[in-house]
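All remarks here apply to the structure that follows.
There are 2 protein chains.
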Amino acid sequence: MIYSSELIKGTLKTIVLKLLADNKKMYGYEITQKVKELTFDKIQITEGALYPTLHALEDEGLVTTETEYIGKRMRKYYTLSPSGKTKTMEKVNELADFMDTMKFLLDIKPKQA
Amino acid sequence: MIYSSELIKGTLKTIVLKLLADNKKMYGYEITQKVKELTFDKIQITEGALYPTLHALEDEGLVTTETEYIGKRMRKYYTLSPSGKTKTMEKVNELADFMDTMKFLLDIKPKQA
DNA sequence: CCATATACATAAGAAAATTATGTATCTTTG
DNA sequence: CAAAGATACATAATTTTCTTATGTATATGG
Chain A
49 MIYSSELIKG TLKTIVLKLL ADNKKMYGYE ITQKVKELTF DKIQITEGAL
99 YPTLHALEDE GLVTTETEYI GKRMRKYYTL SPSGKTKTME KVNELADFMD
149 TMKFLLDIKP KQA
Chain B
49 MIYSSELIKG TLKTIVLKLL ADNKKMYGYE ITQKVKELTF DKIQITEGAL
99 YPTLHALEDE GLVTTETEYI GKRMRKYYTL SPSGKTKTME KVNELADFMD
149 TMKFLLDIKP KQA
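Shown next, in the form of structure tokens:
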């Protein structure tokens, strides 16, 4: 099962920021694969969504980049800036809060552990 | 605190469907007030978002409507159709699943390098 | 040698919200 | 009793953010 795409809307930036917080340094393609792996294919980030998001994060000063070459193939690594780290905490906390509210609103019972 | 609007994206339809499932019959303005009340003002649905959504639900056959007049003022009540009830369960379950996945994704501890 | 995977990027279009505007009625309060 | 605020609908213009499509290029496994 893959989540209907509308659910991803609004969470992509937070997902990317959190991955960068956990992994120090990642490149675009790696991020797509990591999300796919960690969610058992339920969330698949497309390149058309990811790259513009990464560029936006850079424009906002939340990440810095360094380019490396593996053979002749480019890799653009992204790393959180100090303000990016702060932003990540804010975004993750907000999303966690939002999910609690949604659980309450939708009267969703906690899953059996 | 009001959630940044991007978080609401993609969940509005599910919220509306669930409220209708719980309350049998509601009108637009009532829905905005109920959500505001249940979320302690954290989620505020704007009319510009709500009415098009309700019309879409109607076009999809997920709700039926009946118009009443309170004095001279119109109220358009919305009620789930049978397919609307099925859809509500699907949407709520999918969102619950998605939120579990997100919680896992955002709780990942840093990997040892 | 060719399909698949890796790796970036951008443009056109669609979806779904925000913001603004419009109409109108009812209620509270200074 | 006038004005402000709340109730109640609706739609249009704009913005944001995603999907889909396209483009370029290299590396690798069978």
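For the protein sequence lines, the chains are A and B, in the order given.
Residue numbers for the first sequence follow my numbering, beginning at 49 and rising by one.
Residue numbers for the second sequence follow my numbering, beginning at 49 and rising by one.
Built from N, CA and C at the ideal position, the CB exists for glycine as well.
Fill in: Where glutamine 160/A sits in the DSSP three-state scheme
Reading the first sequence from its first residue, position 112 is the one you call residue 160/A. Note that glutamine 160/A scores 44 on pLDDT, short of 50, meaning its location in the model is unreliable and no value can be drawn from it.
Discussion item. Mapping the DSSP letters down to three states, classify leucine 60/B as helix, strand or coil.
Written reply: Here residue 60/B corresponds to residue number 12 of the second sequence, with the count starting at 1. Helix.
Practice prompt. Flag glutamine 160/A as yes if its beta-carbon sits less than 8 Å from any beta-carbon of chain B, otherwise no.
Written response: In the first sequence, the residue the question calls residue 160/A occupies position 112. Bear in mind that the predicted position of glutamine 160/A carries a pLDDT of just 44, short of 50, making it unreliable; the figure below should be weighed with that in mind. No, glutamine 160/A lies away from the interface with chain B (no Cβ there is under 8 Å from its Cβ).
Practice prompt. Determine, using beta carbons only, whether isoleucine 63/B comes closer than 8 Å to chain A.
Written response: Start at 1 with the first residue of the second sequence, and residue 63/B comes out as number 15. Cβ-Cβ to chain A under 8 Å: yes for isoleucine 63/B.
Practice prompt. Ignoring anything shorter than 4 residues or poking outside the segment 50 to 102 of chain A, list the alpha helix (DSSP H) runs there in chain order.
Written response: Those alpha helix (DSSP H) runs which fall completely within the segment 50 to 102 of chain A and span 4+ residues are 60 to 71 and 76 to 86.
Item to complete: Examine chain A for any beta-carbon lying closer than 8 Å to the beta-carbon of lysine 90/B, and answer yes or no.
Response: Along the second sequence, one-based indexing puts residue 90/B at 42. Interface flag for lysine 90/B against chain A is set, since a Cβ pair is found closer than 8 Å.
Worksheet item: With a Cβ-Cβ cutoff of 8 Å, do threonine 80/B and leucine 65/B count as a contact?
Response: The sequence position of residue 80/B within the second sequence is 32, counting from 1. The sequence position of residue 65/B within the second sequence is 17, counting from 1. In this structure, the beta-carbon distance from threonine 80/B to leucine 65/B does not fall below 8 Å.
Item to complete: Tell me whether glutamate 142/A sits in a helix, a strand or coil according to DSSP, three-state version.
Response: Walking along the first sequence from the start, residue 142/A turns up at place 94. Looking at glutamate 142/A - three-state DSSP - the assignment turns out to be helix.
Discussion item. Taking the beta strand (DSSP E) that leucine 128/B belongs to, which residues open and close that run?
Written reply: Position 80 of the second sequence, counted from the start, is the residue given in the question as residue 128/B. Element bounds for leucine 128/B: 121 to 128.
Discussion item. So for glutamate 106/A, helix, strand or coil by DSSP?
Written reply: If you number the first sequence from 1, residue 106/A lands on position 58. Helix, per DSSP.
Worksheet item: To which residues of the same chain is glutamate 114/A closer than 7 Å at the C-beta, ignoring the five residues directly before and after it?
Response: Stepping through the first sequence from its first residue, residue 114/A is reached at position 66. Tyr125, listed in sequence order.
Discussion item. Taking CB distances under 8 Å as the criterion, tell me whether leucine 105/B reaches chain A.
Written reply: In the second sequence, counting from the first residue as 1, residue 105/B sits at position 57. With 8 Å as the cut-off, leucine 105/B does not count as an interface residue toward chain A.
Item to complete: Tell me whether the beta-carbon of glutamine 165/A lies closer than 8 Å to the beta-carbon of lysine 84/A.
Response: This structure leaves residue 165/A out entirely; chain A is present only between 49 and 161.
Worksheet item: For leucine 60/B versus threonine 101/B, is the C-beta spacing smaller than 8 Å?
Response: For the purposes of this step, residue 60/B is taken as the residue at position 12 of the second sequence. For the purposes of this step, residue 101/B is taken as the residue at position 53 of the second sequence. When the beta-carbon positions are compared, leucine 60/B and threonine 101/B come within less than 8 Å of each other.
Fill in: Residues within the segment 137 to 149 of chain B neighbouring chain A, beta-carbon criterion of under 8 Å
Contact annotation: in the segment 137 to 149 of chain B, residues whose CB is within less than 8 Å of a CB in chain A are Val140, Glu142, Leu143, Ala144, Asp145, Phe146, Met147, Asp148 and Thr149.
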